[in-house]
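So the protein lines, in turn, are chains A and B.
Following my numbering, the numbering of the first sequence begins with 1 at its first residue and continues without gaps.
Following my numbering, the numbering of the second sequence begins with 1001 at its first residue and continues without gaps.
For each residue, glycine too, the CB sits at the ideal point set by N, CA and C.
Read the structure below first, then the notes.
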Amino acid sequence: MRQVNVNVHQVTRVEGHGNIVLNAKNGHIEELRWEVTESPRLFEAMLRGRYYEDVPYIASRICGICSIAHSTASIQATEAAFGIQPSEQTLLLRKLLYNAEILESHILHVLFLAAPDFLGVGSVFPLVETHKDVVVMALRLKKLAYNLAETLAGRKTHPISCVVGGFAKLPDLGELEALRKRLEDALVDLDTTVELFKTLSIPDFVRETEYIALKDPKEYAFISGQIASTDAGIGPLSNYLEVTNEFCVPYSTAKYTKNKRDSYMVGALARFNNNYDQLLPRAKGVAKELGLSAPSHNPFMITVAQVVEAVHAAEDSLNIIDQILARGLVEEDNRVKVRAGRGIGAVEAPRGILFHDYTYDENGVLTEANCIIPTNQNHNNIQKDMEALVPLILSRPQDEIAHTLEMLVRAYDPCISCSTHLLKVSFK
Amino acid sequence: MKPKVAFFDFTGCEGCQLDALNLEGEELIDLLNAVDIVNFREVKTEREDNYDIAFIEGSISRESEISRLQKIRDQAKVIVALGTCACIGGINCLKNHLPMEEALRIVYGEDAKNYDTIPARPADAVVPVDYYVRGCPPITAELIKVIKALLLGKKPDIPNYPVCVECKMAGNVCVFERGMTCLGPVVRAGCNAICVTSGRHCWGCRGLVDDPNIDSEKDILQKYGLTVEQVVEKFKIYNTYAEVTK
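See the structure below:
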């Protein structure tokens, strides 16, 4: 009789706290769960009663990795509620700032959190000895993304200058020009990253699911567009509650979601599957080199899709800086006129589609908030992947099973602290 | 023997830990030459329960987190509170203005009873803390300064004067002159007034200076036609814990 008991308490190299539980006897799975155990944060309750200008500032603190995503979603939800249309200049700066976060977050995951699995070590620290060039390169890429965000918004973690209506301070054009040079060097570093990934072997596992991402007819969407699903086509942002269908499960402090099937996926691979055609040329070339083609149904390829998107973000940043340098920047009137109303803001956080839905009163005070976080939307898909994957690997040694399941969770790059304030909020 | 360092996250956004990794290549190598990082769940798989220095990130907001922190205190020779949540309670304490049952119900509805939550508090409300690295998020240079000081067994040189001092040196136009409220006159410096320099006002993430001149802040408000209530609302964002317990 063979028993398999896997109990990974607090999966490492992910943001936040989650456990993997697997018990199997004689090839029969008795228990298999992805459990989320993060402490409840209760942001929707904390946002209630706050004046609009504090709201994006507080909402940013939902997550330290994707604070630009939360700020941007929060700003856009507030602008939608007040009927504000941001200027072309503001949108360019916002997209550039957003690219900084995509680049930083993806590099962090790809090279610091995921790569150690493929190189047979438990963290990035031993790689300082064995792969010093890679570690120094990864820190250099991260630093560039930090500096780009600093130039635009004061800092990368919890940005300051991006506000409802525009930017409280405009970046220095000379600094942008200097960053442009460093971004060109970053493309070389990213080529090195691609070469490294060519040598790694990605587990071969396929489970088709529904893939959901923002879609914009004009460009590979990060901060604009409508909700696209590989099963259901395109729909307006106002459909988000029907798409996400949150429900509670007893073993998790995060809510789960499903749409057309048992579960769906959001994040880099979902974006890639929906929007491949709109990737910039260099990013498309990298996808081809790394053997990633749309649609891909292997969740372990999320990490590869992140490499592709990191290249896209660098390429797009160069284009935006060129546009800004050509047109210059002008001080704009950012004054905000508040009004009562509801607004939905949606962005593609590094880990997937993110919704903030706010209602304000006539004084600009928030009365109701609902935030649906990407990792939340992936929890159920992780569970379903595990259910499909475990029977295929159950005859392997127990440690290997545990490690493969951890790698699966890690591939999703979960951001669990965010995901525990997913919730339906009704203020009665 | 290099001292063994552990990082522990409680209730928070984990931004402080991530910023701790925002080093230049050579800085990280220097750090790893000076200390042995034995426990850092967010970036490292291996764990060791034998450590000398523990960094605590996040506020304490569940019953289970109290005992977890007490165990860490028993093991560690030195405890460092990393970031505003651990130092002064921070943004998580905004929920303390509501009864816990109500805050839970707002978020989880009928399922609220399944969740363990208590009013959020800083680390030193639970155990003694030896060093503080303030800020939301902390400034990386200050983190390095504190690590150096504790390795030498010294007290780090952290400003105990208000943000206004650094703000003036940065050459900013006073926020009050622009018709906004600001917490700079009573909040501890060390951030180089980064929020004002970036076009906004001070939100108070580093907490009050030891002996804040509250009367002077009131005079300023009066001079600019602003109210104490306006400032209190801003102050609550990070400093609810100090306000409620004083």
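Taking the continuous beta strand (DSSP E) assigned at residue i, which residues delimit it?
i                       : result
residue 472 of chain A  : With chain A represented from 1 up to 428, any question about residue 472 of chain A goes unanswered, as that position is not in the structure.
residue 109 of chain A  : Per DSSP, residue 109 of chain A belongs to no beta strand (DSSP E) and is neither H nor E.
residue 429 of chain A  : No information on residue 429 of chain A is available, as it lies outside the stretch 1 to 428 that chain A covers here.
residue 1004 of chain B : 1004 to 1009
residue 1222 of chain B : Element bounds for residue 1222 of chain B: not the beta strand (DSSP E) but the alpha helix (DSSP H), 1214 to 1223.
residue 228 of chain A  : 226 to 229
residue 356 of chain A  : 352 to 360
residue 343 of chain A  : 341 to 349
residue 7 of chain A    : 3 to 8
For residue i, I'd like the list of residues in its chain whose CB is within less than 8 angstroms of its CB, leaving aside the five on either flank, ordered along the chain.
i                       : result
residue 390 of chain A  : 22, 24, 29, 32, 401, 405
residue 426 of chain A  : Low per-residue confidence applies at residue 426 of chain A: pLDDT is 29, beneath 50, and the placement is therefore not dependable enough to give any value.
residue 365 of chain A  : 49, 50, 51, 52
residue 261 of chain A  : 209, 210, 231
residue 1102 of chain B : none
residue 361 of chain A  : 340, 367
residue 95 of chain A   : 222, 223, 316, 320
residue 1094 of chain B : 1236, 1237, 1240
residue 35 of chain A   : 18, 19, 20, 21, 251, 252
Beta-carbon of residue i versus every beta-carbon of chain B: anything under 8 angstroms?
i                      : result
residue 71 of chain A  : no
residue 402 of chain A : no
residue 189 of chain A : no
residue 352 of chain A : no
residue 364 of chain A : no
residue 379 of chain A : no
residue 158 of chain A : yes
residue 61 of chain A  : yes
residue 54 of chain A  : yes
residue 155 of chain A : yes
Is residue i close to chain A? Criterion is C-beta to C-beta, closer than 8 angstroms.
i                       : result
residue 1024 of chain B : yes
residue 1014 of chain B : yes
residue 1198 of chain B : yes
residue 1032 of chain B : yes
residue 1308 of chain B : Chain B is shown only over 1001 to 1246; residue 1308 of chain B falls outside these bounds and no answer can be derived.
residue 1195 of chain B : yes
residue 1210 of chain B : no
residue 1137 of chain B : yes
residue 1163 of chain B : no
residue 1095 of chain B : yes
residue 1227 of chain B : no
For residue i, report the span of its alpha helix (DSSP H) as first-last.
i                       : result
residue 186 of chain A  : 173 to 198
residue 322 of chain A  : 302 to 327
residue 85 of chain A   : Neither: residue 85 of chain A is in no alpha helix (DSSP H) and is coded neither H nor E.
residue 1155 of chain B : Per DSSP, residue 1155 of chain B belongs to no alpha helix (DSSP H) and is neither H nor E.
residue 399 of chain A  : 398 to 411
residue 125 of chain A  : Here residue 125 of chain A belongs to no alpha helix (DSSP H), and DSSP marks it neither H nor E.
Closer than 7 angstroms by C-beta to residue i: which residues in its own chain qualify, once you throw out the five before and the five after it? Chain order, please.
i                       : result
residue 385 of chain A  : 207, 299, 408
residue 305 of chain A  : 268, 269, 272, 292
residue 1192 of chain B : 1166, 1170
residue 388 of chain A  : 207
residue 1249 of chain B : Residue 1249 of chain B is absent from the model: chain B starts at 1001 and stops at 1246.
residue 1107 of chain B : none
residue 428 of chain A  : Model confidence at residue 428 of chain A stands at a pLDDT of 29, short of 50, so the residue's coordinates are unreliable; what they give is reported in the following sentence. Here the set comprises nothing.
residue 77 of chain A   : 343, 344, 345, 356, 357, 358
residue 197 of chain A  : 290, 304, 307
Spatial neighbours of residue i within its chain, please: CB distance less than 6 angstroms, with the 5 preceding and 5 following residues excluded, ordered by chain position.
i                       : result
residue 1123 of chain B : 1056, 1081, 1086, 1129
residue 1239 of chain B : 1204
residue 256 of chain A  : 247, 249, 379, 380
residue 295 of chain A  : 273
residue 203 of chain A  : 300
Using a Cβ-Cβ cut-off of less than 7 angstroms, list which residues of the segment 1035 to 1051 of chain B approach chain A; keep chain order.
1037, 1041, 1042, 1043, 1044, 1045, 1046
Which of the residues in the segment 97 to 130 of chain A, read from start to end, lie with their CB under 8 angstroms from any CB of chain B?
108, 112, 113, 116, 122, 123, 124, 125, 128
Given 8 angstroms, three or more beta-carbon pairs between the segment 257 to 268 of chain A and the segment 61 to 80 of chain A
no
Flag this pair as touching only if the segment 56 to 64 of chain A and the segment 93 to 103 of chain A have three or more C-beta atom pairs under 8 angstroms; answer yes or no.
no
Would you check if the segment 270 to 282 of chain A and the segment 160 to 169 of chain A touch, i.e. whether three or more CB-CB distances between them fall below 8 angstroms?
no
With 9 angstroms as the limit, tell me which residues of the segment 6 to 19 of chain A have their beta carbon closer than that to any beta carbon of chain B; keep them in chain order.
10, 11, 12, 13, 14, 15, 16, 17
Taking contact to mean at least 3 C-beta pairs separated by less than 8 angstroms, is the segment 36 to 53 of chain A in contact with the segment 145 to 156 of chain A?
no
Determine contact between the segment 1174 to 1185 of chain B and the segment 1194 to 1204 of chain B, defined as no fewer than three beta-carbon pairs at a distance below 8 angstroms.
yes
Validate contact between the segment 1140 to 1160 of chain B and the segment 1219 to 1235 of chain B using beta carbons, cut 8 angstroms, 3 pairs:
no
Relative to chain B, which residues along the segment 165 to 177 of chain A have a C-beta separation below 8 angstroms, given in chain order?
167, 168, 169
Any residues in the segment 1061 to 1079 of chain B with a beta carbon nearer than 9 angstroms to a beta carbon of chain A? Which ones, in chain order?
1061, 1062, 1064, 1065
With a cut-off of 8 angstroms, do at least 3 Cβ pairs link the segment 2 to 20 of chain A to the segment 330 to 345 of chain A?
no
Output needed in chain order: residues of the segment 269 to 287 of chain A with a Cβ under 8 angstroms from some Cβ in chain B.
none
Tell me, please, whether the segment 1043 to 1056 of chain B touches the segment 1002 to 1019 of chain B by the rule of three or more beta-carbon pairs shorter than 8 angstroms.
yes
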